[in-house]
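**Student:** Residue numbers (my numbering): 9 to 430.
Beta carbons are placed, not taken as given, at the ideal position from N, Cα and C, and that holds for glycine.
Below: one structure in structure tokens.
So this is what it looks like as structure tokens:
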């Protein structure tokens with residue numbers, strides 16, 4: 009079995025999943041003419057047979073376990089440990105960890121498809137799981153062999169990761185961070201704090217960015233290391249009470265003379281900004297997939313509602329004004345999802361320079377999620393404003409996607425600036 013495919017032995021639920029037609033015979037074997045345009049887009053997604061079987065298992069997991077409990081976790085704001093355990097029983101963390109370190113790596117496209125599916129069922133659970141990738145991908149790409157052998161098996165076996173960049177005075181501008189790394193012999197002493205850290209109070213490993221003392225320059229001094237759970241001096245100051253994705257933990261962290269082995273430094277002192285930008289290029293499509301999962305959920309709920317609800321003796325969907333709204337939303341969803349799979353394909357093909365493409369994707373996907381969820385509430389009328397209907401939750405969940413991984417204003421600036429003639 010190729011190392012980029014998840015062995016079926018790691019996925020006990022996959023073996024009983026119905027087989028997906030291979031890409032070469034899919035069009036002949038499926039009643040594709042009966043599908044709507046979004047169903048056709050899903051059906052044509054280029055996955056290997058193993059990846060397609062895994063995705064079907066994820067869909068079953070979401071339908072049977074995650075979606076039914078999402079409302080409870082939203083209202084209680086409890087961390088969804090049941091969901092994390094269910095995801096780990098399926099072995100999903102292994103799909104982005106190389107085989108040499110306890111994983112069984114799949115394509116990036118398959119990972120994005122799983123993020124979207126889980127996020128459609130429960131946005132909080134989707135971002136909890138995706139953050140494992142966001143936090144650990146730089147270790148996979150930039151870590152030493154010793155670091156990867158020592159640390160990555162924890163995540164492959166179901167551990168949680170966190171990405172710690174943001175500070176009260178350093179959000180979109182990471183160069184404003186004030187957390188410091190001071191070298192003392194074979195150790196690094198950490199002082200400072202981080203805020204808005206997803207998985208911050210539950211992570212087993214933190215990818216932590218700070219400034220290396222002794223290196224001048226706001227950009228040049230940024231460095232990155234792995235901080236392990238339970239390190240003396242690491243404390244959780246507070247958890248945020250949020251509008252949406254309420255079951256995901258969002259923590260403020262403090263570092264008071266935390267000591268970590270110098271062996272936990274990724275790259276060299278001062279390599280942090282280079283590693284940060286490279287990692288964001290791969291986490292931004294992931295955030296887009298998360299947003300598109302939320303958007304899909306709202307669109308599908310609206311479609312069901314307007315096909316059943318009647319006004320003036322007609323289904324709501326029969327009104328021309330509703331059809332126009334639906335056509336606009338569906339068209340944009342198809343275009344943005346196609347761009348998601350395009351970017352995913354580039355990453356799988358080994359592309360290095362796709363930062364602006366990732367910014368376009370993140371910006372358009374998250375703006376669309378906000379628009380679709382808002383219109384979904386409108387489709388539902390007064391019911392959409394009530395917590396008995398999921399679209400109310402989805403609209404709250406969608407808002408944060410326009411803010412994290414770089415605000416959409418920052419992405420517009422990056423895209424516009426790319427056209428400056430040099």
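1. Any idea if residue 403 is buried or exposed, counting beta-carbon neighbours within 10 angstroms, 16 or more meaning buried?
2. Would you mind stating whether residue 118 and residue 62 have Cβ atoms separated by less than 8 Å?
3. Locate the beta strand (DSSP E) running through residue 231, then write down its first and last residues.
4. In chain order, what residues of the same chain have a beta carbon less than 6 Å from the beta carbon of residue 108, not counting five sequence neighbours either side?
5. Count the CB pairs spanning the stretch 242-258 and the stretch 304-318 that are closer than 8 Å, and state whether there are at least three.
6. Where does residue 429 land, buried or exposed, given buried means 16+ other C-beta within 10 angstroms?
7. Closer than 8 Å is the cut-off here; do at least three beta carbon pairs connect the stretch 241-252 with the stretch 223-230?
8. Please classify residue 42 as buried or exposed, where buried requires at least 16 neighbouring CB atoms within 10 angstroms.
9. Could you tell me the distance, in whole angstroms, from the CA atom of residue 322 to the CA atom of residue 399?
10. On the criterion of 16 or more Cβ atoms from any shown chain inside 10 Å, does residue 33 qualify as buried, or is it exposed?
11. Got a sec? Which residues, its chain only, sit under 7 Å from residue 265 by beta carbon, not counting five neighbours each side?
12. In chain order, what are the residue ranges of uninterrupted alpha helix (DSSP H) at least 4 long that sit wholly in the stretch 59-105?
13. State yes or no: is the C-beta of residue 122 within less than 8 Å of the C-beta of residue 91?
14. Give the straight-line distance between the Cα atoms of residue 289 and residue 172, rounded to the nearest whole angstrom.
15. Specify, as a first and last residue, the run of the alpha helix (DSSP H) that residue 356 falls within.
16. Considering just the uninterrupted stretch of the alpha helix (DSSP H) at residue 160, what are its terminal residues?
17. For the alpha helix (DSSP H) containing residue 289, name the first residue and the last one.
18. Give, in chain order, every unbroken run of the beta strand (DSSP E) that is at least 3 residues long and sits entirely within the stretch 350-417.
19. From 93, 368, 397, pick the residue whose C-alpha is nearest to that of residue 4; which is it?
20. Determine the DSSP secondary structure at residue 430, reduced to helix, strand or coil.
21. In this structure, how does DSSP classify residue 423 when only helix, strand and coil are distinguished?
22. Sorry if obvious, but does the Cβ on residue 44 come closer than 7 Å to a heavy atom of the ligand COA?
23. Between the stretch 175-190 and the stretch 132-150, are three or more C-beta pairs nearer than 8 Å?
24. Using the beta-carbon count (16 or more within 10 Å), is residue 292 buried or exposed?
25. Would you check if the distance between the CB atom of residue 299 and the CB atom of residue 211 is smaller than 8 Å?
26. Quick one: using the 10 Å Cβ neighbour count with 16 as the cut-off for buried, is residue 319 buried or exposed?
27. With a threshold of 7 Å on Cβ separation, who are the neighbours of residue 40 within its own chain once the five nearest residues in sequence on each side are excluded?
28. Classify residue 134 as helix, strand or coil using the three-state DSSP reduction.
29. Express the C-alpha separation of residue 189 and residue 195 in angstroms, rounding to a whole number.
30. Along the beta strand (DSSP E) that carries residue 250, what are the first and last residues, could you check?
31. Taking CB distances under 8 Å as the criterion, tell me whether residue 323 reaches chain D.
32. Could you pull out every residue in the same chain whose Cβ sits closer than 6 Å to the Cβ of residue 422, ignoring the five residues on either side in sequence?
33. Go through its chain and collect everything with a Cβ distance to residue 409's Cβ below 6 Å, but skip five positions before and after it.
34. Please classify residue 328 as buried or exposed, where buried requires at least 16 other C-beta atoms within 10 Å of its C-beta.
35. How long is the line joining the alpha carbons of residue 17 and residue 222, rounded to whole angstroms?
**Tutor:** This is what the structure gives:
1. buried
2. yes
3. 230-236
4. none
5. no
6. exposed
7. no
8. exposed
9. 23 Å
10. Low per-residue confidence applies at residue 33: pLDDT is 42, beneath 50, and the placement is therefore not dependable, though the value from the model is reported in the following sentence. It counts as exposed.
11. 197, 199, 241
12. 75-84, 89-97
13. no
14. 16 Å
15. 328-356
16. 153-164
17. 280-316
18. none
19. The question about residue 4 has no answer here: the residues shown for the chain are numbered 9 through 430.
20. coil
21. helix
22. With respect to the ligand COA, the structure shown offers nothing to examine, as it has no ligands at all.
23. no
24. buried
25. no
26. exposed
27. 48, 51
28. helix
29. 10 Å
30. Taken as a continuous stretch (DSSP letters only), residue 250 belongs to no beta strand (DSSP E), as it is neither H nor E.
31. Chain labels in this structure do not include chain D; a single protein chain is all it has.
32. 367
33. 299, 374, 377
34. exposed
35. With a pLDDT of 39 at residue 17, under the threshold of 50, the predicted position of this residue should be treated as unreliable, though the coordinate-derived value follows. In a straight line, the C-alpha of residue 17 is about 50 Å away from that of residue 222.
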